[in-house]
Amino acid sequence: MRALRFLLRKEFLQIFRDPALVRMLFMIPVVQLLVLSNAATFEVKRARMYVVDHDASTMSRGVVDRLAASGRFVRGGGSGSVALGDDALMRRDVEMVLTIPPGFERDIVRYRHTAVQLLLNAEDGAAAAVTQAYAREILARYATELGTELFPATALAGARAERPPVRGQPAVQVRTRGWYNAELDYRHYMVPGILVQLLTIVGTLLTAMNIVREKEAGTLDQLNVTPVTRSVFIAAKLIPLWIISMVVLSIGLVVAKVAFGVPMIGSLFLVFGGAALYLVAALGIGLWVSAVTETQQQAMFVNFSILMVYLLMSGLFTPVSSMPEWAQWVARFNPMMHFISLMRAVMLKGAGFADVARQLAVLATAGAVVLTIAVRQYHKRSA
Amino acid sequence: MNQASSPVVLEGVRKTFGSTVALDDVTLDVHAGELFGLVGPDGGGKTTLFRILTTLLVPDAGTATVLGRDVVRDLWEIRRRVGYMPGRFSLYPDLSVEENLRFFASVFGTTLEKGYDIIAPIYQQIEPFKERRAGQLSGGMKQKLALSCALVHRPEVLFLDEPTTGVDAVSRREFWDLLHDLQASGLTIVVSTPYMDEADRCDRVALVQTGRILAIDEPGAVGARFPRPLFAVHGVPRHATIEALRAFPHAVSVHPFGDTLHYSDARVSLAPAQVITEVREWLGARGIAEVAVTPIAPGIEDAFMALMGDESDATTAGAA
Chain A
180 MRALRFLLRK
190 EFLQIFRDPA
200 LVRMLFMIPV
210 VQLLVLSNAA
220 TFEVKRARMY
230 VVDHDASTMS
240 RGVVDRLAAS
250 GRFVRGGGSG
260 SVALGDDALM
270 RRDVEMVLTI
280 PPGFERDIVR
290 YRHTAVQLLL
300 NAEDGAAAAV
310 TQAYAREILA
320 RYATELGTEL
330 FPATALAGAR
340 AERPPVRGQP
350 AVQVRTRGWY
360 NAELDYRHYM
370 VPGILVQLLT
380 IVGTLLTAMN
390 IVREKEAGTL
400 DQLNVTPVTR
410 SVFIAAKLIP
420 LWIISMVVLS
430 IGLVVAKVAF
440 GVPMIGSLFL
450 VFGGAALYLV
460 AALGIGLWVS
470 AVTETQQQAM
480 FVNFSILMVY
490 LLMSGLFTPV
500 SSMPEWAQWV
510 ARFNPMMHFI
520 SLMRAVMLKG
530 AGFADVARQL
540 AVLATAGAVV
550 LTIAVRQYHK
560 RSA
Chain B
3 MNQASSPVVL
13 EGVRKTFGST
23 VALDDVTLDV
33 HAGELFGLVG
43 PDGGGKTTLF
53 RILTTLLVPD
63 AGTATVLGRD
73 VVRDLWEIRR
83 RVGYMPGRFS
93 LYPDLSVEEN
103 LRFFASVFGT
113 TLEKGYDIIA
123 PIYQQIEPFK
133 ERRAGQLSGG
143 MKQKLALSCA
153 LVHRPEVLFL
163 DEPTTGVDAV
173 SRREFWDLLH
183 DLQASGLTIV
193 VSTPYMDEAD
203 RCDRVALVQT
213 GRILAIDEPG
223 AVGARFPRPL
233 FAVHGVPRHA
243 TIEALRAFPH
253 AVSVHPFGDT
263 LHYSDARVSL
273 APAQVITEVR
283 EWLGARGIAE
293 VAVTPIAPGI
303 EDAFMALMGD
313 ESDATTAGAA
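In the order they appear, the protein sequences are chains A and B. Per my numbering, residue 180 is the first one in the first sequence, and the count goes up by one each step. Per my numbering, residue 3 is the first one in the second sequence, and the count goes up by one each step.
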């Protein structure tokens with residue numbers, strides 16, 4: 180235990196002697212959160228629309244004006260030809276083509292019921308879905324507005340009309356397939372996930388690089404001819420990095436709260452408890468990488484390869500439920516997925532210990548398994 | 003020789019990496035208080051030998067004991083009682099001289115103060131720079147720091163893997179003086195070097211090549227193993243002299259040594275004066291000017307070259 184104390188002192192000495200590393204440790208959470216959570220939203224701003232207005236009436240112009248006034252859409256051209264609109268969509272000059280059929284205004288007035296067509300470029304499916312959801316929302320609001328404004332007019336028209344007007348609220352029906360909840364605040368949803376991703380990158384990469392650096396420098400061999408056991412060596416490596424990762428998490432949480440107003444309804448104790456367990460698995464991966472690689476370059480490469488799979492299968496960017504079945508099985512064993520779901524549940528929904536007990540159990544198991552494999556690999560390689 | 007008292011004993015040690023044989027049936031023992039040299043070219047297996055003796059590698063076959071302890075079974079005791087300085091600088095470049103020294107003292111459960119007297123002659127030379135980071139030291143100072151770190155826990159056996167590689171001539175001489183001082187304090191030292199001229203400063207040397215021990219003897223005696231008469235030959239132009247000499251019917255070997263050539267003659271029983279006369283005539287007839295031929299005593303390098311030649315002949319014969 181005396182040896183562990185000396186090793187720990189050395190580790191902290193080295194970490195704090197590297198000003199670039201210290202700066203990075205404290206800057207990364209701030210910068211990443213600020214950049215990523217603003218960039219990694221599915222929000223769509225200023226989508227360009229091509230307008231094909233066959234009706235050219237007050238109401239049809241109203242539709243276009245409302246869309247433009249929302250700030251979500253800008254006019255990216257227009258003509259009387261749907262074919263030209265299609266071309267613009269193909270050329271990616273616009274994201275959406277809005278077609279208003281002839282008789283739009285008349286149908287609203289007479290039948291309180293009509294349709295407009297939205298053509299969307301669905302190359303980026305998520306963006307298309309969101310764009311469509313915004314358009315739908317704006318159109319629905321306009322329809323309600325028309326309803327109140329139209330009532331007197333319809334009453335008048337109704338007196339002279341050949342056909343009696345349809346009773347009830349007029350509606351602009353938007354034909355869409357699928358639906359996306361555009362009302363969700365993505366940042367609240369993304370920030371906990373990004374915090375987890377950050378913690379994972381810091382934890383695994385720092386660990387792998389730190390140990391491989393000792394290999395490269397030959398200091399690992401030098402230590403191996405001293406009475407320091409491997410377990411003490413590993414403990415002396417993981418403890419400081421574990422503490423640093425917890426500090427990074429704390430900074431991240433402060434940024435999340437102050438800069439994004441991310442709600443933290445549940446207990447912070449649960450958040451840190453989950454992180455404590457999760458970090459064992461993350462640091463274990465770093466340790467394993469350092470055991471199977473010889474240079475920092477190799478370690479970096481292997482680490483990123485693992486992290487990519489790990490990240491993509493975590494449910495951070497794509498929901499696990501929409502993955503193929505085999506991938507869902509893989510994801511089920513991904514501690515990152517469980518930690519993200521724990522973070523979201525605790526921070527956004529205020530889940531308590533009982534609600535996240537399963538995730539905690541999975542994290543603890545994953546940590547134990549990963550660390551055991553890594554330590555074994557480490558012993559095997561340097562035998 | 004009583005092996006039980008020998009601090010380092012290897013018997014039939016073999017180590018392979020894939021299809022490469024790094025050590026092949028190595029047997030040797032180092033006496034207590036001896037300065038023992040492993041001499042041979044790079045890639046000969048010297049480092050592998052050190053790594054086995056310092057418990058970093060497990061031999062595939064054979065046994066190795068250090069201080070009477072088996073390197074595989076009793077590794078923890080060996081690690082406490084030996085010092086190892088690897089060929090490559092292996093200290094923390096981001097820690098200062100003093101921090102490195104204190105750290106390595108602490109992991110051995112001792113302190114810089116307790117080990118100070120043993121490292122003093124070396125450490126005092128770099129102590130003025132003790133605040134400096136190890137990575138910013140010059141080559142010679144790094145080497146002194148590494149030696150201090152390997153000694154601070156008062157080891158009983160010291161292993162030094164090519165400590166003088168990449169060090170200037172003056173520092174090399176100083177370093178060997180230091181080793182002799184350490185030896186005088188009772189330490190057993192095993193040191194490897196690719197430089198033949200350093201072999202003379204060891205009590206005994208083992209000539210190592212391609213994983214095999216070619217010979218173990220005192221440096222002077224190794225030279226005496228040279229089986230034929232040897233002559234130093236000087237001629238101008240040098241390259242033409244080599245060509246001409248190699249064409250001489252009785253030539254066994256012609257190797258450039260500094261500004262002369264070492265020539266060995268196949269006729270062991272012939273009088274040296276006769277050989278000199280014949281060589282002068284032969285070279286003279288081929289237009290070589292300023293010819294000078296003198297008989298010389300074979301040195302360790304000559305012996306090494308001859309042994310290496312025998313070895314490769316044997317290998318070729320074995321393969322055929």
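We treat Cβ as the ideally placed atom computed from N, Cα and C, and that holds for glycine. In this text the structure is predicted, and so the values were computed from the model without any measurement.
So with CB distances below 7 Å, who are the chain A contacts of W78 of chain B?
For the purposes of this step, residue 78 of chain B is taken as the residue at position 76 of the second sequence. Those are P406, listed as they occur along chain A.
Please go through the same chain and pick out, in chain order, the residues whose beta-carbon is closer than 6 Å to the beta-carbon of Y557 of chain A, but skip the five residues on each side of it.
Here residue 557 of chain A refers to the residue found at position 378 when the first sequence is read from its first residue. A470.
Which partner residues of A257 of chain A appear in the DSSP bridge assignment?
Taking the first residue of the first sequence as position 1, residue 257 of chain A is located at position 78. According to the sequence provided, residue 257 of chain A is Gly. The question's Ala does not apply to it. Beta-bridge pairing links G257 of chain A to A:V230.
Quick one: is R16 of chain B near chain A, going by C-beta distance under 8 Å?
Position 14 of the second sequence, counted from the first residue, corresponds to residue 16 of chain B. It does not; no Cβ of chain A falls within 8 Å.
Sequence-distant residues of its chain with Cβ nearer than 7 Å to I380 of chain A (five each side left out)
Along the first sequence, one-based indexing puts residue 380 of chain A at 201. So the qualifying residues of the chain are L486.
Count the other CB atoms within 10 Å of the CB of D163 of chain B; is the residue buried (16 or more) or exposed (fewer)?
The residue you call residue 163 of chain B lines up with position 161 of the second sequence. Burial check for D163 of chain B: the Cβ neighbour count within 10 Å reaches 16 or more, so the residue is buried.
Coil, strand or helix - R135 of chain B by DSSP:
Here the question's residue 135 of chain B lines up with position 133 in the second sequence. Strand.
With distances taken from CA atoms, which of B:F306, B:E100 and B:G35 is nearest V192 of chain B?
The residue given as residue 192 of chain B occupies position 190 in the second sequence. Checking every option, the nearest Cα to that of V192 of chain B belongs to B:G35.
Which of the residues in the segment 38-59 of chain B, read from start to end, lie with their CB under 9 Å from any CB of chain A?
R53, T56, T57, L58 and L59
Using the beta-carbon count (16 or more within 10 Å), is F185 of chain A buried or exposed?
Counting from 1 along the first sequence, the entry for residue 185 of chain A is found at position 6. It is buried - the Cβ of F185 of chain A has at least 16 other Cβ atoms within 10 Å.
Can you name the start and end residues of the beta strand (DSSP E) that G39 of chain B belongs to?
Stepping through the second sequence from its first residue, residue 39 of chain B is reached at position 37. Boundaries of the beta strand (DSSP E) around G39 of chain B: L37 to V41.
Over the uninterrupted alpha helix (DSSP H) stretch that includes A253 of chain B, give me the two end residues.
Here the question's residue 253 of chain B lines up with position 251 in the second sequence. That residue, A253 of chain B, is in no alpha helix (DSSP H); its beta strand (DSSP E) goes A253 to F259.
State yes or no: is the C-beta of L272 of chain B within less than 8 Å of the C-beta of A246 of chain B?
For the purposes of this step, residue 272 of chain B is identified with residue 270 of the second sequence, where counting begins at 1. For the purposes of this step, residue 246 of chain B is identified with residue 244 of the second sequence, where counting begins at 1. Cβ distance not < 8 Å, so L272 of chain B and A246 of chain B don't count as in contact.
Report all residues from its chain with a CB closer than 8 Å to the CB of A549 of chain A; omit the five preceding and five following residues, and keep chain order.
By 1-based counting over the first sequence, the position of residue 549 of chain A is 370. At residue 549 of chain A the sequence reads Val, which differs from the Ala that was named. Within the same chain, V549 of chain A has close Cβ partners V459, A460, G463, I464, W467 and P514.
For V214 of chain A, the residue or residues it bridges with in DSSP
On the first sequence, position 35 is the one that residue 214 of chain A refers to. Paired residue(s): none; V214 of chain A is not in a bridge.
Can at least three beta-carbon pairs, one atom from the segment 517-525 of chain A and one from the segment 420-440 of chain A, be found at a separation below 8 Å?
no
Use the C-beta contact count for G546 of chain A: other C-beta atoms within 10 angstroms, 16 or more gives buried, fewer gives exposed.
Position 367 of the first sequence, counted from the first residue, corresponds to residue 546 of chain A. Answer is buried; the Cβ neighbour count reaches 16.
Short of 9 Å Cβ to Cβ, which residues in the segment 108-134 of chain B face chain A?
Closer than 9 Å at the C-beta level to chain A, one finds these residues of the segment 108-134 of chain B: S108, V109, F110 and G111.
The beta strand (DSSP E) spanning V509 of chain A covers which residue range?
On the first sequence, position 330 is the one that residue 509 of chain A refers to. Per DSSP, V509 of chain A belongs to no beta strand (DSSP E); it is in the alpha helix (DSSP H), E504 to R511.
Once the 5 residues before and after H474 of chain A are set aside, which same chain residues still bring their CB inside 7 Å of it?
Here residue 474 of chain A refers to the residue found at position 295 of the first sequence. One detail in the question is off: residue 474 of chain A reads as Thr in this sequence, not His. Correct list, in chain order: V391 and E395.
Nearest-angstrom Cα separation, counted from E190 of chain A out to E303 of chain B:
If you number the second sequence from 1, residue 303 of chain B lands on position 301. If you number the first sequence from 1, residue 190 of chain A lands on position 11. Answer to the nearest angstrom: the Cα atoms are 46 Å apart.
What three-state label does DSSP hand S8 of chain B in the structure shown?
The sequence position of residue 8 of chain B within the second sequence is 6, counting from 1. Correct three-state label for S8 of chain B: coil.
Mind listing, in chain order, the continuous alpha helix (DSSP H) runs of no fewer than 4 residues lying wholly within the segment 464-552 of chain A?
Within the segment 464-552 of chain A, the complete alpha helix (DSSP H) runs of at least 4 residues are 475-491, 504-511 and 514-523.
Quick check on S150 of chain B - is its C-beta less than 8 Å from some C-beta in chain A?
If you number the second sequence from 1, residue 150 of chain B lands on position 148. Not one chain A Cβ lies under 8 Å of S150 of chain B.
Determine the chain B residues that contact A470 of chain A at a beta-carbon separation under 7 Å, and present them in chain order.
Residue mapping note: residue 470 of chain A aligns to position 291 of the first sequence, counting from 1. Neighbours of A470 of chain A on chain B: none; closest Cβ ~16 Å, over 7 Å.
With 7 Å as the C-beta to C-beta threshold (strictly closer), list the residues of the segment 369-400 of chain A near chain B in chain order.
A396, G397, T398 and D400
Please classify E115 of chain B: is it buried, with 16 or more other beta-carbons within 10 angstroms of its beta-carbon, or exposed?
Here residue 115 of chain B refers to the residue found at position 113 of the second sequence. When all chains shown are included, E115 of chain B counts as exposed.
Please list, in chain order, all residues of the same chain as V77 of chain B whose beta carbon is under 6 Å from its beta carbon, the five residues on each side excluded.
Numbered from 1 along the second sequence, position 75 holds the residue referred to as residue 77 of chain B. Reading off the sequence shown, one finds Leu at residue 77 of chain B, where the question assumed Val. Cβ within range, chain order: T57.
For chain A, find out if any of its Cβ atoms is closer than 8 Å to the Cβ of L1 of chain B; answer yes or no.
With chain B covering 3 to 322 only, the question about residue 1 of chain B has no answer from this structure.
Measure the alpha-carbon distance for M143 of chain B versus P95 of chain B and round it to whole angstroms.
As a first step, residue 143 of chain B must be located in the second sequence, where it is residue number 141. As a first step, residue 95 of chain B must be located in the second sequence, where it is residue number 93. M143 of chain B and P95 of chain B: Cα-Cα distance of roughly 13 Å.
What does A182 of chain A touch in chain B if you count any residue whose Cβ is under 8 Å from its own?
Start at 1 with the first residue of the first sequence, and residue 182 of chain A comes out as number 3. Result: S108, V109 and G111.
Three or more C-beta pairs closer than 8 Å, one from the segment 485-500 of chain A and one from the segment 396-412 of chain A: is that the case here?
no
For T293 of chain A, the first and last residue of its enclosing beta strand (DSSP E)
Within the first sequence, the letter at position 114 stands for residue 293 of chain A. H292 to L299 is the span of the beta strand (DSSP E), which, as asked, contains T293 of chain A.
How is Y359 of chain A classed by DSSP in three states: helix, strand or coil?
On the first sequence, position 180 is the one that residue 359 of chain A refers to. Bear in mind that a pLDDT of 31 at Y359 of chain A, under 50, signals an unreliable position, so the model cannot answer this.
Along chain B, which residues have their Cβ under 8 Å away from the Cβ of F185 of chain A?
What you label residue 185 of chain A is simply residue 6 of the first sequence in a count that begins at 1. Neighbours of F185 of chain A on chain B, chain order: F105, S108 and V109.
Below 7 Å on C-beta distance, what does P88 of chain B contact in chain A?
Numbered from 1 along the second sequence, position 86 holds the residue referred to as residue 88 of chain B. By Cβ distance, chain A contributes G397, D400 and Q401.
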